[in-house]
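Heads up, the sequence shown is in UniProt numbering, so the first residue is 1 and it goes up one at a time.
Cβ coordinates follow ideal geometry from the N, Cα and C atoms, glycine included.
Below is one structure; the comments refer to it alone.
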Amino acid sequence: MRNWQELPHDLIATIAKRVKVSEDFIAFGAVCTSWRIAAIKENFDDALNSPQVPLLMLPDKGDGYREFYSLSKEKVSRVFLPEAKGLLGIFPLKGWLCTLSYTGEMNLLHPFSRTSIQLPSLNDLLTLSGDEWSWHGIDQAILSASPSDTSD
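This is the structure we're talking about:
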């Protein structure tokens, strides 16, 4: 076999399940299209749930990629994450991102598996007071548990 992308999908999934570090998860998905397809949450549960040195998410450059700085490896990794492009706010939560769009849509997004969980819209928080609309925003978000650990 000459090409990494020609490996059987079940073998790629087996390799994925052995990844234990977030930075390696990023590198795994960057190998080629077939490896990126195998980079799903179910194949990375151990890596996503194990204690790790945090990655720092750098400011958005508006190109569909997000950059993460590894404190342990002292390097920057670029991750294609179009779901996080042009958002009003992104709040880190237990390895997930709480994203807020300009339209009031909220999601929990895992930046490496790209798993997304839709949350209630902030549009529900618009209120009419007399002749004026009031909008209530979010400055901070808190999770009681990681969505990777529970289905609730």
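Separation of residue j from residue i, as counted between CA atoms
i: R78; j: Y102; result: 24 Å
i: S148; j: G89; result: 22 Å
i: N107; j: A30; result: 24 Å
i: K61; j: P111; result: 16 Å
i: C32; j: G104; result: 34 Å
i: Q118; j: A145; result: 16 Å
i: N3; j: F25; result: 20 Å
i: I138; j: F28; result: 34 Å
i: P120; j: S113; result: 22 Å
Buried or exposed (CB count within 10 angstroms, at least 16 for buried), residue i
i: W35; result: buried
i: L100; result: buried
i: L97; result: buried
i: S72; result: exposed
i: A16; result: buried
Residue j beta carbon less than 9 Å from that of residue i
i: Y69; j: L56; result: yes
i: L143; j: K94; result: yes
i: E83; j: L109; result: yes
Residues bridged to residue i (per DSSP)
i: Q5; result: DSSP, once it has assigned bridges, lists no residue as partnering Q5.
i: R18; result: DSSP, once it has assigned bridges, lists no residue as partnering R18.
i: S70; result: L55, K75
i: Y65; result: F80
i: residue 154; result: Shown here, the chain extends from 1 to 152; a query on residue 154 therefore has no answer.
Cut-off 6 Å between Cβ atoms - residues of its own chain near residue i, not counting five sequence neighbours on either side
i: V76; result: E67, Y69
Cut-off 7 Å between Cβ atoms - residues of its own chain near residue i, not counting five sequence neighbours on either side
i: E23; result: S70, K73, S77
i: A38; result: H9, I12, A13, A16
i: L87; result: T99, L100, S101
Own chain partners of residue i with C-beta closer than 8 Å, once the 5 adjacent residues on each side are dropped
i: K85; result: D60, G62, D63, G64
i: Q5; result: V31, C32, T33, S34, W35
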